[in-house]
Each structure stands twice: as structure tokens, then as C-alpha cells.
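Q:
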Amino acid sequence: MKQYQPELYWDRLFAPSSCLAVITTVDASGRVNAASYGTCTRVNHNPVYIAFTCRPERDTARNLEEVGEFVVNLPRFDRESLEKVRVIGLPFARGVSELEKAKLTELASETVRPPRIVECPRHFECKVEWTKDWMGRRMVVGKVTAASVDQDCVDENGFVIWDRVKSAHFCGAPYHNMFVAAYETMSVGVPYDGPEVEAFEESERRLWANLEDAGR
Ligand SMILES: Cc1cc2nc3c(=O)[nH]c(=O)nc-3n(C[C@H](O)[C@H](O)[C@H](O)COP(=O)(O)O)c2cc1C
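Here the working numbering is used: the first residue of the sequence shown is 1, the next is one more, and so on.
1. Check Leu107 in the structure and name its three-state DSSP category.
2. Buried or exposed: Pro115, going by 16 or more other Cβ atoms within 10 Å of its Cβ?
3. From this set, Asp213, Ala93 and Lys132, which residue's C-alpha is nearest Gly142's C-alpha?
4. From Glu110 to Asp193, what distance separates their C-alpha atoms?
5. Please classify Val190: is it buried, with 16 or more other beta-carbons within 10 angstroms of its beta-carbon, or exposed?
6. Heavy atom of ligand 1 less than 6 Å from the Cβ of Pro75, yes or no?
7. How far does the alpha helix (DSSP H) with Val87 in it extend, from its first residue to its last?
8. Any heavy atom of ligand 1 within a distance shorter than 6 Å of the CB on Asp59?
9. Going by beta carbon distance, what residues of the same chain come within less than 6 Å of Thr185, once the five residues before and after it are set aside?
10. Give me the DSSP bridge partner(s) of Arg137.
11. Flag this pair as touching only if the segment 3-15 and the segment 148-159 have three or more C-beta atom pairs under 8 Å; answer yes or no.
12. Under three-state DSSP, which class holds Lys143?
13. Hey, out of Arg206, Glu129, Glu212 and Pro174, whose CA is closest to Tyr49's CA?
14. Excluding five sequence neighbours on each side, which residues of the same chain lie with their C-beta closer than 6 Å to the C-beta of Thr105?
15. Apart from the five residues on each side of it in sequence, which residues of its chain come closer than 6 Å, Cβ to Cβ, to Met1?
16. Quick check on the DSSP output: the alpha helix (DSSP H) that includes Arg12 runs from which residue to which?
17. Bridge partners of Ala239, per DSSP?
18. Whole angstroms is fine: what's the gap from Leu207's alpha carbon to Gly215's?
19. Can you round the beta-carbon distance between Thr217 and Arg137 to whole angstroms, since I take them to be within the 8 Å contact cut?
20. With a threshold of 6 Å (Cβ to nearest heavy atom), would Pro91 be considered close to ligand 1?
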């Protein structure tokens with residue numbers, strides 16, 4: 001069962017700040033495309049923005065020119081999911097659904113046209129804010145318009161339960177077969193006595209109270 005999260009918790013849901021992702025898009029006629037991305041990063045906390053880089057000639061970039069919406073789906077670090085990530089990363093012809101090829105299931109999104117992927121526990125529905133062509137790549141930055149998660153994968157404060165979401169990262173190009181898990185948490189103190197600690201904590205308290213007051 002997927003549950004949509006309040007805006008206050010979107011930032012925590014995309015933790016760690018960079019994740020292996022499967023990005024879904026649609027073309028102008030609504031055909032669904034999916035592609036794997038190792039460069040997907042959360043680039044602002046509040047509001048939440050997510051960025052990735054793709055090749056301008058590939059279907060994801062072309063679809064974003066036609067329909068400026070995408071969904072970032074975060075797969076788990078398990079063999080079956082990562083094998084599907086590799087299938088999705090193959091160069092299928094335009095119009096072929098990578099989700100069908102990888103035997104993954106679509107689920108309608110609430111705020112954008114591209115679907116979510118049922119088998120991924122976390123989803124970020126995004127609208128393109130800006131793109132920049134750069135070194136033969138296109139950087140895409142999207143504003144999150146909704147975020148949803150499998151109900152059993154977050155606690156009541158919106159923090160992810162790490163051994164259920166099993167965040168995965170990609171070890172680096174070429175786009176082959178090495179992945180790394182990132183799901184150990186540690187809450188740490190600040191071993192420093194200066195006035196900056198209290199100033200920092202006060203500003204964080206104020207920021208958080210403002211967000212709560214705004215009902216986000
Ligand atoms: C694990 C993995 C990570 C990838 N990361 C990226 C990436 O960050 N940027 C990129 O342009 N392509 C990346 N790729 C390659 C694209 O997924 C691939 O070019 C895909 O065919 C593009 O699909 P599209 O034409 O449907 O957009 C990755 C592939 C894999 C398997």
C-alpha cells in the first residue's frame with residue numbers, strides 16, 4: 001500500500017541525498033518510457049528539488065521536451081531489482097516500454113502524467129524547473145510536486161526505515177554491474193562547545209517551526 005507523504009517529509013524520504021533511480025516519463029501521445037540513472041541527486045531541501053543528467057538524444061530527454069514531467073522511482077538494493085535496473089538501462093527503440101521488458105508494474109501518479117513503479121518503494125513526482133546542456137549531457141532539475149512511499153517503509157516522523165527501503169547507489173560508469181548498499185543510520189552529536197552550536201540549533205528550530213506552521 002502506497003501512502004503519500006506531507007511536504008514536510010519529502011526531504012527525509014529522499015535519503016541518502018543521492019540514490020540509484022529509475023526515471024519514468026511519457027511522450028506527447030502518452031507512451032511510457034523508463035530509464036536507469038546513477039546521477040540522481042537531491043539538490044535542495046525546501047522546497048525539494050531533484051537533479052540528474054541524461055543524454056539529450058535519448059528518449060528521456062526527448063520526452064521531457066514534449067512533457068516536462070517525470071517520476072523518480074528509487075529501487076531496492078536486492079538482486080532482482082538491480083537486474084531489472086540493468087534491463088531498463090538497455091537501448092530500446094523509442095516507443096518500447098522498458099517497464100514491460102523488465103516486467104515491472106505501472107501505478108498512476110497523482111500530480112504528473114508519468115506513472116510510478118509499484119515494485120519501487122519510494123516515488124517523487126516532479127515537474128521540470130530547468131535544464132542545461134553541458135559537456136554533451138543534459139542536466140535536468142525538477143521540483144517535487146508529490147512524494148509517496150510503501151506504508152511500511154517510513155516511521156511516523158517520515159524517516160525512512162533503512163532496512164526496508166534498502167537504498168542503492170551505482171558504483172560508476174560504464175553502466176554495467178556494480179552497485180553499493182547504503183542503509184546504515186547513525187545519529188551523531190557535535191563535539192564542539194562554541195556559541196555556533198546553539199545559533200545553528202536555534203535557526204534549525206525556527207526553520208522547522210515555520211515549515212510546521214505553514215502546514216507543509
Ligand atoms: C545502473 C545504470 C545507471 C545509469 N545512469 C545513467 C546516468 O546517470 N545518466 C545517463 O545519461 N545514463 C545513465 N544510464 C544509461 C541509461 O539508462 C540508458 O542510456 C538508457 O537506455 C536511456 O534510456 P532512454 O533512451 O529511454 O532515455 C544508466 C544505466 C544503468 C544501467
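Ideal placement from N, C-alpha and C gives every residue a C-beta, glycine not left out.
A: Walking through what the data contain:
1. DSSP places Leu107 in the strand class (E or B) of the three-state scheme.
2. Counting of Cβ neighbours within 10 angstroms places Pro115 among the buried residues, the total reaching 16 or more.
3. With distances taken between Cα atoms, Gly142 lies closest to Lys132.
4. Computed Cα separation, rounded: 47 Å.
5. Residue burial annotation: Val190 is exposed, with fewer than 16 other C-beta atoms found within 10 angstroms of its C-beta.
6. It does not: the Cβ of Pro75 is nowhere closer than 6 Å to a heavy atom of ligand 1.
7. Boundaries of the alpha helix (DSSP H) around Val87: Arg79 to Ile88.
8. Asp59: yes, Cβ under 6 Å from ligand 1.
9. Sequence-distant partners of Thr185 (beyond 5 residues in either direction) whose C-beta falls short of 6 Å from its own C-beta, in its chain, are Trp162.
10. Beta-bridge pairing links Arg137 to Trp134.
11. Contact between the segment 3-15 and the segment 148-159 is present, because at least three Cβ pairs lie under 8 Å.
12. Look at Lys143 here: in three-state DSSP terms it is strand.
13. When only C-alpha atoms are compared, the closest one is Glu129.
14. A distance below 6 Å between beta-carbons, with the five flanking residues on each side excluded, links Thr105 to the following residues of its chain, in chain order: Val118.
15. Once the five neighbours on either side are set aside, the close Cβ partners of Met1 are Gln151.
16. Counting along the chain, the alpha helix (DSSP H) containing Arg12 begins and ends at Trp10 to Leu13.
17. Given that the chain is displayed from residue 1 to residue 216, the structure contains no residue 239 and the question cannot be resolved.
18. One C-alpha to the other measures close to 13 Å.
19. Any question about residue 217 goes unanswered here, given that the chain covers just 1 to 216.
20. It does: the Cβ of Pro91 is within 6 Å (strictly closer) of some heavy atom of ligand 1.
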